[in-house]
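Numbering (the working numbering), first residue to last: 267 to 712.
Note that CB positions come from ideal geometry on N, CA and C, so glycine has one too.
Note that the structure is predicted; figures quoted are calculated from it, not measured.
Only one structure is covered here, and it is reproduced in the block below.
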Ligand code: SAH
Ligand code: SF4
Ligand code: F3S
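In structure tokens:
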């Protein structure tokens with residue numbers, strides 16, 4: 267039997283990371299694959315791509331160009347391109363990179379072992395970027411893990427069609443995984459020592475499992491309640507949620523589920539109603555603020571982070587300053603910000619974009635200055651406080667233990683004995699923008 271050695275490179279969001287981890291599980295199980303970190307040692311090379319912003323294609327062909335020579339020296343090597351660029355471009359990728367063997371999409375990566383078998387047998391490339399609904403999730407083997415925190419995808423795809431976004435076209439329509447499979451996956455993880463679950467989906471709060479024949483239904487709040495009952499799962503995070511589906515029910519669940527962290531990533535994108543409407547975000551600034559206020563009523567210390575798109579077509583200086591005001595008004599914590607990038611085939615790409623790139627860069631620069639100040643402020647406030655940290659491992663950089671606080675900051679500290687996998691109390695003594703240094707105090711009692 268062939269000695270399969272897989273090298274996989276992943277770009278993009280946490281869901282792509284999760285997908286790559288599932289590709290590894292499937293390839294190990296079905297092809298007895300070993301995973302290698304050295305591309306020179308591998309005979310199966312997989313690139314899991316992202317197309318959310320510009321230069322995605324350029325980056326892809328640049329990477330493939332490097333792999334081309336490896337294949338020249340060893341024609342037995344299989345090269346596969348997956349993810350969102352593969353889904354968007356399909357066969358077109360072959361025009362520039364004829365030496366590719368497999369093109370697969372985010373919904374068909376579970377078919378990779380069969381595709382590899384066929385490519386080897388028939389010596390011909392294969393393309394499968396279809397959207398075969400729930401089939402993929404059914405073929406995931408139960409994960410083996412040594413981690414204390416784990417991602418779990420609960421839904422995938424998007425029906426919102428924000429005018430700038432490529433995701434509905436690359437990931438397809440919303441699909442919610444059966445809740446029983448999700449619970450099974452989380453129970454399996456918890457039995458292996460996982461204590462924190464990070465639920466993933468393009469819009470987790472539109473999770474809506476329906477089996478009409480069995481009259482079996484489950485929405486996001488119901489799912490959260492079920493997860494909170496799983497033994498040893500002490501922290502629950504989720505990304506990304508959408509303001510439109512952030513119902514009062516979901517807000518109120520923060521009263522009932524202490525495992526839900528007091529840190530929420532809820533992207534607003536812009537502080538201008540006019541731009542939000544052009545983006546087709548389906549909420550206005552006031553509605554967004556209402557959600558945050560209601561949450562803060564229940565959890566006064568909750569910290570909110572967001573995503574922002576700067577320089578959307580026709581964004582005026584006033585629109586931009588409204589965004590800055592919103593950041594300060596709702597006292598946002600660390601957030602992500604991007605210059606608008608026209609994506610092929612999206613409605614926004616046909617809108618007149620009258621802002622120069624220099625102006626966009628200046629706006630982004632200023633916005634990021636304010637975001638940095640906010641992040642700093644929250645980090646500094648933590649100095650001298652006691653925080654609970656879930657210890658993930660020992661850093662190779664400084665040989666110190668590291669883990670995350672509830673508000674998603676990485677903390678480093680030293681300790682005399684191994685406390686990996688434990689929740690520990692630490693006292694924060696120093697702060698660097700995104701990471702903190704602390705003094706170990708004690709391991710938390712249950
Ligand atoms: N489903 C999530 C976001 C997923 S994409 C939501 O609706 O909030 C992650 C982030 O990428 C978005 O929040 C947005 O800020 C950014 N993004 C998406 N498309 C973009 C584009 N065309 N140009 C620039 N940024 C974009
Ligand atoms: Fe993209 Fe909008 Fe869907 Fe988020 S909600 S994935 S930004 S279309
Ligand atoms: Fe990128 Fe696709 Fe994720 S476009 S951000 S990999 S959903």
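According to the Cβ coordinates, are residue i and residue j closer than 8 Å?
| i | j | result |
| --- | --- | --- |
| residue 283 | residue 417 | yes |
| residue 612 | residue 429 | yes |
| residue 701 | residue 678 | yes |
| residue 442 | residue 421 | yes |
| residue 605 | residue 633 | no |
| residue 432 | residue 507 | no |
| residue 526 | residue 499 | no |
| residue 419 | residue 348 | no |
| residue 724 | residue 323 | Because the chain here runs from 267 to 712, residue 724 falls outside it and cannot be looked at. |
| residue 309 | residue 271 | yes |
| residue 391 | residue 368 | yes |
| residue 644 | residue 658 | no |
| residue 529 | residue 673 | yes |
| residue 670 | residue 692 | no |
| residue 578 | residue 544 | yes |
| residue 285 | residue 407 | no |
| residue 519 | residue 493 | no |
| residue 626 | residue 576 | yes |
| residue 600 | residue 641 | yes |
| residue 411 | residue 458 | yes |
| residue 564 | residue 521 | yes |
| residue 379 | residue 268 | no |
| residue 547 | residue 535 | yes |
| residue 596 | residue 541 | no |
| residue 607 | residue 319 | yes |
| residue 598 | residue 570 | yes |
Report, in whole angstroms, the separation of the C-beta atoms of residue i and residue j, which I expect to be a contact under 8 Å.
| i | j | result |
| --- | --- | --- |
| residue 572 | residue 533 | 5 Å |
| residue 415 | residue 342 | That pair is no contact at about 38 Å. |
| residue 684 | residue 706 | At roughly 12 Å, the Cβ-Cβ gap does not stay under 8 Å, so residue 684 and residue 706 are not in contact. |
| residue 312 | residue 289 | 7 Å |
| residue 697 | residue 637 | Contact flag wrong, Cβ pair sits at about 16 Å. |
| residue 469 | residue 426 | 7 Å |
| residue 345 | residue 365 | 7 Å |
| residue 473 | residue 454 | At roughly 20 Å, the Cβ-Cβ gap does not stay under 8 Å, so residue 473 and residue 454 are not in contact. |
| residue 350 | residue 438 | Rounded, the Cβ-Cβ distance is 11 Å, inconsistent with contact. |
| residue 560 | residue 517 | 5 Å |
| residue 550 | residue 580 | About 17 Å; that fails the 8 Å criterion. |
| residue 649 | residue 694 | 5 Å |
| residue 553 | residue 509 | 7 Å |
| residue 444 | residue 475 | 6 Å |
| residue 352 | residue 327 | Actually they do not touch by this definition, with Cβ atoms about 13 Å apart. |
| residue 588 | residue 661 | That pair is no contact at about 40 Å. |
| residue 523 | residue 490 | 6 Å |
| residue 505 | residue 280 | 7 Å |
| residue 456 | residue 497 | 6 Å |
Considering only DSSP beta bridges, list what residue i is partnered with.
| i | result |
| --- | --- |
| residue 502 | 463 and 526 |
| residue 451 | Residue 451 is not bridged to any residue. |
| residue 483 | 476 |
| residue 693 | 652 and 705 |
| residue 438 | None; residue 438 has no bridge partner. |
| residue 271 | 300 |
| residue 700 | DSSP, once it has assigned bridges, lists no residue as partnering residue 700. |
| residue 683 | Answer is none; residue 683 lacks a bridge partner. |
| residue 660 | 667 |
| residue 492 | Looking at the DSSP assignment, residue 492 forms no beta bridge with any residue, so it has no partner. |
| residue 259 | Only positions 267 to 712 of the chain appear in the structure, and residue 259 is not among them; the question remains open. |
| residue 421 | 442 |
| residue 456 | Note: residue 456 sits in no beta bridge, so no partner. |
| residue 644 | None; residue 644 has no bridge partner. |
| residue 470 | Per DSSP, none; premise fails for residue 470. |
| residue 211 | Here the chain covers residues 267 to 712 and nothing more, so residue 211 does not appear. |
| residue 677 | 669 and 702 |
| residue 416 | 463 |
Given 7 Å as the limit, tell me if residue i has its C-beta closer than that to any heavy atom belonging to the ligand COA.
| i | result |
| --- | --- |
| residue 356 | Questions concerning the ligand COA fall outside what the structure shown contains, since the ligands it does hold are the ligand SAH, the ligand SF4 and the ligand F3S. |
query = How would the residue list near the ligand SF4 read, in chain order, if you kept each one whose beta-carbon is closer than 7 Å to any heavy atom?
reply = 424, 426, 427, 428, 431, 433, 434, 468, 469, 506 and 508
task = Return the chain-ordered ranges of every beta strand (DSSP E) run that is complete within the region 540-625 and spans a minimum of 3 residues.
result = 569-571, 573-576 and 602-605
request  = Kindly provide the ranges of any beta strand (DSSP E) runs that are 3 or more residues long and lie completely inside the region 339-369, ordered along the chain.
outcome  = 344-348
request  = Write down every uninterrupted run of the beta strand (DSSP E) in the region 290-348 whose length is 3 residues or greater and which is fully enclosed by it, in chain order.
outcome  = 310-315 and 344-348
message = Just to confirm the assignment: which complete alpha helix (DSSP H) runs, minimum length 4, are found wholly within the region 384-409?
response = 401-404
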